[in-house]
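Everything below concerns the one structure shown next.
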Amino acid sequence: MRTLIVGGVAGGMSAATRLRRMDETAEIVVFERSGHVSFANCGLPYYVGGVITRREALLLETPESINTRFQADVRVNTEVTAIDRAAKTVSVRDLATGREYTESYDNLILAPGAAPFVPPIPGAERALTLRNVADTDAMAAKVDEVLAGPEKSAVIMGGGFIGLELAENFVERGLKVTVVELANQIMAPLDVEMAIRVQWELESRSVDVITGVSVTEVGEGTVTLSDGSTLPAGMVIAAIGVRPESGLAAAAGLEISDRGGIVVDDQQRTSDPAIFAVGDAVVKRDVITGDGAMVPLAGPANRHGRLVADVIAGRDVHSETVLGTAIVGLFGMQAAATGWTEKRAVAAGRNIRVVHTHPDNHAGYYPGGEEMHLKLVIDADTDAILGAQGVGGTGVDKRIDVIATAMRGGLTASQLADLELSYAPPFSSAKDPVNMLGFQAENIRDGLVETIQWHEIAAEADKGIQIIDVRTPIELERGMIDGAINIPIDELRDRIDEVEAETILYCWQGQRSYVASRILSQLGRHVRSLDGGYRTWAGV
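The sequence shown begins at -17 in the working numbering and counts up one residue at a time.
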């Protein structure tokens, strides 16, 4: 059996090496358009920033090393230009010599990836992108050039993962950085009250963040924004997002989604059973609905490359849905997410519950604790976990990974309370932050507390609903919600006559207002507790 693979890196090379492990007799040929078939593309921003100092560290394998160990014929600087499905051949061009030829296949695997989107604006050709090693070399050289010149600045179009990683690395190199994001917030995988904390961290490091506008022109040393203002720009980066490289598949008549992704089944087969596709160019299945989703992440690409090799080798295996679990680290802060955001769930018409918490990453009495901010999005009808987000210091990654695992295992939000997680004072609390999310979800599910979200407070205040701050008077120096009155939690029973029949309670993070709501609800009051407390509300 002869298998041709178009594209290397994550999906393509995972398929090639797994297929060899499964079938020693298979003939495997890999075509890679760039000069490097296996490199650490997620590490590219860190080489530009000087964190990774050895360029060779990015180059995981070479054609020679792959051929030696896996007996795969790897051809770099080689482009597949067409697929003849009837003849089961591909047209190939050697980019170094210009020679063109054809190769036959029994199975064809497409792993073309996705290309950075560059907006069609004047001067767009001056904007750099980051996809491969050649891009990395060009960007690193440009940083050196800018640092040696008079205008030591960079403008990054796009406030997603790559854009923010580059922002951090450019700052570490000594550049003045501005991030320009068209949406009303950076970090689309987070809801606004979580994303704003990432923005604060960037701004505390002298990164300017401008939202709600776009770059309309890239000039010589400046950019023009859609609001008419201009910014100095020694260099400009396009990190707006990526688009699937599905042109080869489309030209061959394979099914393509309305978003340009290659449509596959749960064995990664395209509409042609002899052709498979993996990686960023492929439509995945969303974990919540099973609908098509574009999720350009290395994890699914590697997993699906491995899966295709198993299918070709005769194993009956099938791909899972994807959660879109992702994380970014910025100046020591972690921001991570899995599954759906609240805004996505609301847009889909879901009946949801939301839980916020703001714990330390380990026992409060142990030195060096770092605050984290966690959010859980829950299906109110089934208690299913729809998604989670975390922003903060060390340990955010652990909590989001635990929740992603719980989602994959089908645990409900309330069942997070019963997870037995590792505990010692330097690492966590006896009640881990994930357990706390579960306790809160369970209390809401069982009707022990009724909560209200930060974005619902203003409308209730306009209706004249009483709002009580149950913190101590000294804490009020941090601020209060407009119109709220202060009755400290320990005085509630004695001042019950001041509490109206319907009231909203809040404290700093939500724990005391929960206790207060239990007191008052048993004393005949209809009480709602502000989820996440003043800590969440004041953040936005």
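Using N, Cα and C, we set each Cβ at its ideal position, and we do this for glycine too.
Predicted model, so just to flag it, every value in this text is computed and none were measured.
- Task: In angstroms with no decimal places, state the Cα-to-Cα distance between Tyr496 and Thr307.
- Result: Here residue 496 refers to the residue found at position 514 when the sequence shown is read from its first residue. Here residue 307 refers to the residue found at position 325 when the sequence shown is read from its first residue. Their backbone Cα atoms lie some 31 angstroms apart in a straight line.
- Going by the CB atoms, is the gap between Ala54 and Tyr139 shorter than 8 angstroms? Translated into the one-based positions of the sequence shown, residue 139 becomes position 157. Translated into the one-based positions of the sequence shown, residue 54 becomes position 72. Inspection of the sequence shows that residue 139 is occupied by Met rather than by Tyr. Taking 8 angstroms as the Cβ cut-off, Met139 and Ala54 do not qualify as a contacting pair.
- With a cut-off of 8 angstroms on the beta carbons, I'd call Ser511 and Val431 a contact; round off their distance for me. Taking the first residue of the sequence shown as position 1, residue 511 is located at position 529. Taking the first residue of the sequence shown as position 1, residue 431 is located at position 449. About 5 angstroms separates the two Cβ atoms, so the contact holds.
- Item | Spatial neighbours of Ala345 in its chain, beta-carbon cut-off 6 angstroms, leaving aside the 5 residues before and after | Within the sequence shown, the letter at position 363 stands for residue 345. Only Pro407 and Ser411 meet the Cβ criterion.
- Task: Tell me whether the beta-carbon of Ile449 lies closer than 8 angstroms to the beta-carbon of Ile486.
- Result: Counted from its first residue, the sequence shown places residue 449 at position 467. Counted from its first residue, the sequence shown places residue 486 at position 504. Cβ atoms of Ile449 and Ile486: closer than 8 angstroms.
- Which residues in the same chain as His525 place their Cβ atom closer than 7 angstroms to its Cβ, once the five residues preceding and following it in sequence are excluded? Since the first residue shown for the chain is -17 and the last is 522, residue 525 is missing from the structure and cannot be characterised.
- Query: Would you report the Cα separation of Leu419 and Gly32, rounded to the nearest angstrom?
  - Reply: Working through the sequence shown from its first residue, we reach residue 419 at position 437. Working through the sequence shown from its first residue, we reach residue 32 at position 50. Distance between the alpha carbons of Leu419 and Gly32 is about 38 angstroms.
- Task: Return helix, strand or coil for Glu43, following the three-state DSSP convention.
- Result: To locate residue 43, count along the sequence shown from 1; it is residue 61. Residue state, collapsed to three classes: strand.
- Please classify Thr63: is it buried, with 16 or more other beta-carbons within 10 angstroms of its beta-carbon, or exposed? Working through the sequence shown from its first residue, we reach residue 63 at position 81. Classification of Thr63: exposed, given that the 10 Å Cβ count is below 16.
- How about Val191 and Glu199: are their beta carbons less than 8 angstroms apart? In the sequence shown, residue 191 corresponds to position 209, counting from 1. In the sequence shown, residue 199 corresponds to position 217, counting from 1. No, Cβ-Cβ distance for Val191 and Glu199 is not below 8 angstroms.
- At what residues does the alpha helix (DSSP H) containing Met418 begin and finish? For the purposes of this step, residue 418 is identified with residue 436 of the sequence shown, where counting begins at 1. Annotation: the continuous alpha helix (DSSP H) that includes Met418 extends over Pro415 to Arg427.
- Query: Roughly how many whole angstroms lie between the Cα atoms of Gly25 and Gly145?
  - Reply: Residue mapping note: residue 25 aligns to position 43 of the sequence shown, counting from 1. Residue mapping note: residue 145 aligns to position 163 of the sequence shown, counting from 1. For the pair Gly25 and Gly145, the Cα-to-Cα distance works out to about 13 angstroms.
- List the residues that DSSP assigns as beta-bridge partners of Gly145. As a first step, residue 145 must be located in the sequence shown, where it is residue number 163. DSSP, once it has assigned bridges, lists no residue as partnering Gly145.
- Query: Closest by CA to Ala106, which one among Ser196, Ala165, Ile65 and Thr518?
  - Reply: Translated into the one-based positions of the sequence shown, residue 106 becomes position 124. Of the candidates Ser196, Ala165, Ile65 and Thr518, the one whose C-alpha sits nearest the C-alpha of Ala106 is Ser196.
- Following the continuous alpha helix (DSSP H) through Asn284, name the residue where it begins and the one where it ends. Position 302 of the sequence shown, counted from the first residue, corresponds to residue 284. Asn284 -> alpha helix (DSSP H) spans Ala280 to Ile294.
- Taking all protein chains shown into account, do 16 or more other C-beta atoms lie within 10 angstroms of the C-beta of Asp472, making it buried, or fewer, making it exposed? Indexing the sequence shown from 1 puts residue 472 at position 490. By the 10 Å Cβ count, Asp472 comes out exposed.
- Item | Which residues DSSP lists as bridging Met139, in chain order | Here the question's residue 139 lines up with position 157 in the sequence shown. Per DSSP, Val162 and Ala220.
- Query: So what's Glu202 in DSSP terms, helix, strand or just coil?
  - Reply: Here residue 202 corresponds to residue number 220 of the sequence shown, with the count starting at 1. Note: Glu202 maps to coil in three-state DSSP.
- Task: Using three-state DSSP, classify Pro98 as helix, strand or coil.
- Result: As a working mapping, residue 98 is identified with position 116 in the sequence shown. In the structure shown, Pro98 sits in a strand (DSSP, three-state: E or B).
- 6 angstroms CB neighbourhood of Gly194 in its chain, flanking five on each side removed: Taking the first residue of the sequence shown as position 1, residue 194 is located at position 212. For Gly194, where only same-chain residues beyond five positions count, the Cβ hits under 6 angstroms are Asn166.
- With a 10 Å radius around its C-beta and 16 neighbouring C-beta atoms as the bar for buried, classify Ser228 as buried or exposed. In the sequence shown, the residue the question calls residue 228 occupies position 246. Residue burial annotation: Ser228 is buried, with at least 16 other C-beta atoms found within 10 angstroms of its C-beta.
- Message: Short of 8 angstroms in beta carbon distance, which residues of its chain neighbour Leu172, apart from the five on each side in sequence? Order them along the chain.
- Response: Walking along the sequence shown from the start, residue 172 turns up at place 190. Cβ within range, chain order: Val180, Ala317, Ala319, Thr323, Gln371 and Val373.
- Which two residues bound the contiguous alpha helix (DSSP H) that contains Leu26? Looking up residue 26 in the sequence shown gives position 44. Unbroken alpha helix (DSSP H) run through Leu26: Leu26 to Val30.
- Task: Return yes when the Cβ of Asp379 is within less than 8 angstroms of the Cβ of Asn523, no when it is not.
- Result: Because the chain in this structure spans residues -17 to 522, residue 523 falls outside the shown range and cannot be described.
- Check the Cβ-Cβ distances between Thr323 and every residue of chain D, and say whether any is below 8 angstroms. In the displayed structure, chain D is absent; only one protein chain is listed.
- Item | Close-in-space but distant-in-sequence residues of the same chain around Glu61 (CB under 8 angstroms, 5 per side omitted) | Residue 61 sits at position 79 when you count from the first residue of the sequence shown. Only Phe13, Arg15, Val74, Arg75 and Leu77 meet the Cβ criterion.
- Message: On a Cα-Cα basis, can you pick out the residue from Arg453, Ile434 and Leu358 that is closest to Glu484?
- Response: Taking the sequence shown and counting its residues from 1, one reaches residue 484 at position 502. Of the candidates Arg453, Ile434 and Leu358, the one whose C-alpha sits nearest the C-alpha of Glu484 is Ile434.
- Unbroken beta strand (DSSP E) runs of length 3 or more, entirely within the region 433 to 486: which are they? 448 to 451
- Query: What whole-angstrom Cβ distance do Leu129 and Ala120 have, given they're in contact under 8 angstroms?
  - Reply: Translated into the one-based positions of the sequence shown, residue 129 becomes position 147. Translated into the one-based positions of the sequence shown, residue 120 becomes position 138. With a Cβ gap of about 15 angstroms, Leu129 and Ala120 do not count as contacting.
- Would you decide whether Val(-12) is buried or exposed? Buried here means 16 or more other CB atoms lie within 10 Å of its CB. As a first step, residue -12 is located in the sequence shown; it is residue number 6 there, counting from the start. When all chains shown are included, Val(-12) counts as buried.
- Where Gln491 falls: helix, strand or coil (DSSP): To locate residue 491, count along the sequence shown from 1; it is residue 509. Three-state result, Gln491: coil.
- Select from Val481, Met276 and Thr387 the residue whose C-alpha is nearest the C-alpha of Ser503. As a first step, residue 503 is located in the sequence shown; it is residue number 521 there, counting from the start. Of the listed residues, the one whose Cα sits closest to Ser503 is Val481.
- Message: Using a Cβ distance threshold of 8 angstroms, determine whether the region 83 to 93 contacts the region 206 to 214, with at least three qualifying pairs required.
- Response: no
- Item | Integer Cβ distance of Thr339 from Gly492, believed to fall under 8 angstroms | Residue 339 sits at position 357 when you count from the first residue of the sequence shown. Residue 492 sits at position 510 when you count from the first residue of the sequence shown. That belief holds up - the Cβ atoms of Thr339 and Gly492 are roughly 7 angstroms apart, short of 8 angstroms.
- Task: Please report the residue range of the beta strand (DSSP E) in which Gly(-6) lies.
- Result: Taking the first residue of the sequence shown as 1, we reach residue -6 at position 12. Counting along the chain, Gly(-6) falls outside any beta strand (DSSP E), though it belongs to the alpha helix (DSSP H) covering Val(-9) to Met4.
- Task: Please work out which residues of its chain come closer than 6 angstroms, Cβ to Cβ, to Glu542, disregarding the five sequence neighbours upstream and downstream, and give them in chain order.
- Result: Here the chain covers residues -17 to 522 and nothing more, so residue 542 does not appear.
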